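Trainee:
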Amino acid sequence: MTVTNKSTGNKVFVGLQYTFCIFLAILSLLPFIIMIVNSTRSTWQIQQHAISLIPGTNLKQNFEVLTSKTFDPWRGFINSLIISVSSTVCTIYFSTMTAYALVAYDWKLRKPFFTFIMCVLMIPAQVTSIGFYQFMYKIGMTNNFLALILPAIASPTTVFFMRQYMIPSLPMEILQSARIDGASEFRIFNQIVLPMMKPAMATQAIFAFVASWNNLFLPMILLTRNELYTMPRMVSLLNGDIYKTEYGAVYLGLLLTVLPLLVVYFIFSRYIIAGVALGGVKG
Numbered sequence: 002m003t004v005t006n007k008s009t010g011n012k013v014f015v016g017l018q019y020t021f022c023i024f025l026a027i028l029s030l031l032p033f034i035i036m037i038v039n040s041t042r043s044t045w046q047i048q049q050h051a052i053s054l055i056p057g058t059n060l061k062q063n064f065e066v067l068t069s070k071t072f073d074p075w076r077g078f079i080n081s082l083i084i085s086v087s088s089t090v091c092t093i094y095f096s097t098m099t100a101y102a103l104v105a106y107d108w109k110l111r112k113p114f115f116t117f118i119m120c121v122l123m124i125p126a127q128v129t130s131i132g133f134y135q136f137m138y139k140i141g142m143t144n145n146f147l148a149l150i151l152p153a154i155a156s157p158t159t160v161f162f163m164r165q166y167m168i169p170s171l172p173m174e175i176l177q178s179a180r181i182d183g184a185s186e187f188r189i190f191n192q193i194v195l196p197m198m199k200p201a202m203a204t205q206a207i208f209a210f211v212a213s214w215n216n217l218f219l220p221m222i223l224l225t226r227n228e229l230y231t232m233p234r235m236v237s238l239l240n241g242d243i244y245k246t247e248y249g250a251v252y253l254g255l256l257l258t259v260l261p262l263l264v265v266y267f268i269f270s271r272y273i274i275a276g277v278a279l280g281g282v283k284g
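Take 2 as the starting number for the sequence shown in the working numbering and just add one per residue.
See the structure below:
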């Protein structure tokens with residue numbers, strides 16, 4: 002009887018866990034569902050009932066309004082893609098290289114250098130934005146994508162994450178064997194270290210891409226030409242005039258901005274899951 006009661010209690014507990022997880026999943030997906038639904042509704046319908054799960058029939062009209070407000074989704078998509086992909090590659094590659102130097106080599110200033118990186122991590126980006134803009138203006142880098150791409154090389158957050166991941170998972174014996182076989186340091190890093198870091202790189206690639214794609218402040222002050230605007234910069238211009246805002250078009254613009262982020266997540270999520278599974282096996 003006692004065993005039966007324990008079994009029944011475990012089933013009830015598991016059922017409650019699944020119910021709670023399903024509730025959290027629905028709660029997480031609800032904003033995306035509302036955004037998709039509202040992108041098909043008219044402004045009047047959204048003003049009357051902001052939350053609705055019934056799609057409308059104004060998707061075409063919203064897209065026409067969207068493109069009539071100097072909103073070029075294809076140009077904005079290409080601009081954002083160039084900046085986000087380039088900055089993500091720079092962030093992941095050079096941050097992993099920096100973490101590798103902090104873990105694989107024993108040099109005198111290794112600890113002070115890591116401490117300096119942690120100090121930089123605590124400085125808000127807004128504090129340096131004015132000086133950064135003045136510097137970019139003086140060297141003629143405004144209205145240039147490189148001003149948004151090259152600073153991504155220095156990413157203290159990514160360096161810290163890569164270092165913490167690399168300390169327990171990078172076997173030094175393999176590196177020593179490669180050096181004995183005559184492999185250069187760059188070859189060791191590119192062909193041995195980077196493949197081992199795929200789960201960590203995939204995780205940070207998602208964060209770096211999302212941060213770069215959603216970045217509004219720096220493109221707003223550095224890019225002043227319409228043909229260079231990114232997707233968030235274009236969406237920020239959809240507020241309309243002081244008399245009327247086309248909310249359906251705004252939701253559609255937000256939807257077009259979010260879709261690439263979902264694609265990137267689905268591409269890299271399998272690497273994250275593989276890394277978690279691998280860590281569970283090692284444990």
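Backbone N, C-alpha and C define an ideal beta-carbon position, used for all residues, glycine too. For clarity, every value in this text was computed on a predicted model and none was experimentally measured.
Check each candidate in R42, Q46, I79 and name the one with the smallest Cα separation from F64.
Mentor: For F64, the nearest C-alpha among the options comes from R42.
Trainee: Which residues in the same chain have their Cβ closer than 6 Å to the Cβ of Y248, if we skip the five residues on either side of it in sequence?
Mentor: T44, I47.
Trainee: Count the CB pairs spanning the stretch 160-167 and the stretch 100-120 that are closer than 8 Å, and state whether there are at least three.
Mentor: Output reads yes: the stretch 100-120 touches the stretch 160-167.
Trainee: Could you tell me whether the Cβ atoms of T144 and R226 are closer together than 7 Å?
Mentor: In the sequence as displayed, the identity of residue 144 is Asn instead of Thr. Against a cut-off of 7 Å, the Cβ pair of R226 and N144 comes out as a contact.
Trainee: Within this structure, are the beta carbons of P233 and L217 separated by less than 7 Å?
Mentor: It is a contact, given that the beta carbons lie within the stated cut-off.
Trainee: Less than 8 Å between C-beta atoms, sequence neighbours within five positions excluded: which residues of the same chain meet that for I287?
Mentor: Residue 287 lies beyond the range of the chain shown here (2 to 284); nothing can be said about it.
Trainee: Between which residues of its own chain and A100 is the CB-CB distance below 7 Å, once the five residues before and five after are set aside?
Mentor: Around A100: V160, M163, R164, M167.
Trainee: Less than 7 Å between the C-beta atoms of T89 and A184, yes or no?
Mentor: No, they are not a contact pair.
Trainee: Taking its Cβ as the centre, do 16 or more other Cβ atoms sit within 10 Å of I79, making it buried, or is it exposed?
Mentor: Classification for I79: exposed.
Trainee: As an exercise, report each continuous alpha helix (DSSP H) stretch of at least 4 residues that is fully enclosed by the stretch 22-89, in chain order.
Mentor: DSSP runs (the alpha helix (DSSP H)) wholly in the stretch 22-89: 44-49, 60-69.
Trainee: CB-CB under 8 Å to I189, same chain, minus the five flanking residues each way: which ones, in chain order?
Mentor: Hits under 8 Å: L176, A179, R180.
Trainee: In whole angstroms, what is the alpha-carbon distance linking L229 and L239?
Mentor: So the alpha carbons of these two residues sit roughly 16 Å apart.
Trainee: What's the gap between the Cα of I55 and the Cα of L28?
Mentor: Rounded to the nearest angstrom, the two C-alpha atoms are 17 Å apart.
Trainee: Between the alpha carbons of M235 and L17, how many angstroms are there, rounded?
Mentor: If I take the Cα positions, the gap works out to 44 Å.
Trainee: Compare the beta carbon distance of S81 and F210 with 7 Å and say whether it is the shorter of the two.
Mentor: Going by C-beta atoms, S81 is not nearer than 7 Å to F210.
Trainee: Would you say S53 and V66 are within 7 Å of each other, going by their C-beta atoms?
Mentor: Not closer than 7 Å, so no.
Trainee: Taking buried to mean at least 16 other C-beta atoms within 10 Å of its own C-beta, is I268 buried or exposed?
Mentor: Its Cβ having fewer than 16 others within 10 Å, I268 is exposed.
Trainee: Can you tell me which of the three DSSP states I243 falls into?
Mentor: Any answer about I243 is weak, because its pLDDT of 48 lies below 50 and its placement is not dependable; what the coordinates show is given next. Reduced to three states, the DSSP call for I243 is coil.
Trainee: Measuring alpha carbon to alpha carbon, tell me which residue in T246, P220, P172 is nearest G77.
Mentor: Per the Cα distances, P220.
Trainee: Can you give me the C-alpha to C-alpha distance between H50 and L31, rounded to a whole angstrom?
Mentor: Looking at the two C-alpha atoms, the distance is approximately 15 Å.
Trainee: Please list the terminal residues of the continuous alpha helix (DSSP H) segment that includes M119.
Mentor: Per DSSP, M119 belongs to the alpha helix (DSSP H) from 111-122.
Trainee: So, at 6 Å on beta carbons, what are the nonlocal neighbours of V194 in its own chain, with the 5 sequence-adjacent residues on each side left out?
Mentor: Here the set comprises Y101.
Trainee: From I93 to P200, what distance separates their C-alpha atoms?
Mentor: Computed Cα separation, rounded: 12 Å.
Trainee: Helix, strand or coil, according to DSSP, for G16 in the structure here?
Mentor: G16 falls in the helix class under three-state DSSP.
Trainee: Quick one: what does DSSP say L217 is sitting in, helix, strand or coil?
Mentor: Coil.
Trainee: Could you give the residue range of the alpha helix (DSSP H) that holds G132?
Mentor: From DSSP, the alpha helix (DSSP H) with G132 extends over 126-139.
Trainee: Enumerate in chain order the residues of its own chain whose CB-to-CB distance from L279 is below 6 Å, with the five nearest sequence positions on each side excluded.
Mentor: Confidence in L279 is poor, its pLDDT being 48 and thus under 50, which makes the residue's placement unreliable; the coordinate value appears in the next sentence. Counting only Cβ-Cβ distances below 6 Å, and skipping sequence neighbours, we find nothing.
Trainee: May I have the straight-line CA-CA distance separating F24 from F14, to the nearest angstrom?
Mentor: Going from the Cα of F24 to the Cα of F14 covers about 15 Å.
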